[in-house]
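The structure appears below as structure tokens.
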Amino acid sequence: GKRCRCPREGSPLTMTDEQPLATDSVGLLEGIATTRAIRRYKDEPIPDDVLRDIFFAATRAPSGSNRQPFRFIVLTDSDIAVKAKELIAVGAQKLWNHKRNNDGYDENSGTSDDSPKARMARTMQSYVDNFANVPVLVLAVMVRYREPNPLEGASVYPACQNLLLAARARGYGGVLTGFHGFVDSELRDLLQIPENAFIAASITLGKPEGAHGPVRRVPMKELIYSDSWGESPEWAIDPPGSAFTTSGPPR
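Heads up: the sequence shown is residues 1316 to 1566, going by the working numbering.
Below you can see the structure in the form of structure tokens.
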């Protein structure tokens, strides 16, 4: 598809300093239960007023000692944005090719066109093939204030989830990836990211080609324990309409 370069509605010229958040018609619990990973986007930009709402929500996230070390680099249609998208697209294609082979996406049920495995393979192939054309690419970055440790993600990933939930609320969608890892040094040079900051995630956003809907997960009782490992509480009952799946890649 063609790269989106059309003007965005709600540009800085029409926004005011006192513009309120948009009315949210999606309840919080409904949004949590129906925010799918969206990888197919319409060829249209995200208006500036929508971006403002999405990233306001992201900046409301908790962090250790409220240090708020998360930063977001938002890449739309500038020359630098185009270069960054093209760089990460190469990493996305490499990672997907490895995963496709390593996880056997073209074996067993993957040979049947209508199987979940085959559908996921088609979706992922289309996603990485068109990665350079996504409407918005977001790099979630964390400014380190101490030596790296396994818990530091707790101060950046909640903000990423807030971002995705807010996108859902405004009628958009996205997905969090690690594709940037293949071109980390190139991105740092291009975007002038300081040495004490690490790129925690690359997130794509846009207007969904499909639709949000109930996410599929394993039943609550397999994930929630009470008092001791493996003992599920009686109240761990999924509500009516819940959709289920097994954990891991499609088999």
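Where is the CB? At the ideal position from N, CA and C, for every residue including glycine.
The beta carbon of residue 1476 sits closer than 8 Å to the beta carbons of 1376 from its chain, once the five residues preceding and following it are set aside; these are given in chain order. Closest option to residue 1461, judged by alpha-carbon separation, among 1471, 1360, 1511 and 1362: 1511. Under the DSSP definition of a beta bridge, residue 1517 partners with 1454 and 1492. Setting aside the 5 residues that flank it on each side, residue 1493 is surrounded in the same chain by 1410, 1516 and 1517, each with a C-beta closer than 8 Å to its C-beta; the list follows chain order.
When only Cα atoms are considered, residue 1381 and residue 1519 end up about 26 Å apart. If you look at residue 1479, you'll find it in the alpha helix (DSSP H) that goes 1472 to 1484. Annotated three-state conformation of residue 1403 is helix, per DSSP.
For the 7 Å CB-CB criterion, residue 1350 and residue 1529 do not form a contact. DSSP lists 1457 as the beta-bridge partner residues of residue 1385.
In this structure, the straight-line span from the alpha carbon of residue 1458 to that of residue 1486 is close to 30 Å. Only buried fits residue 1456, as 16 or more other CB atoms lie within 10 angstroms of its CB.
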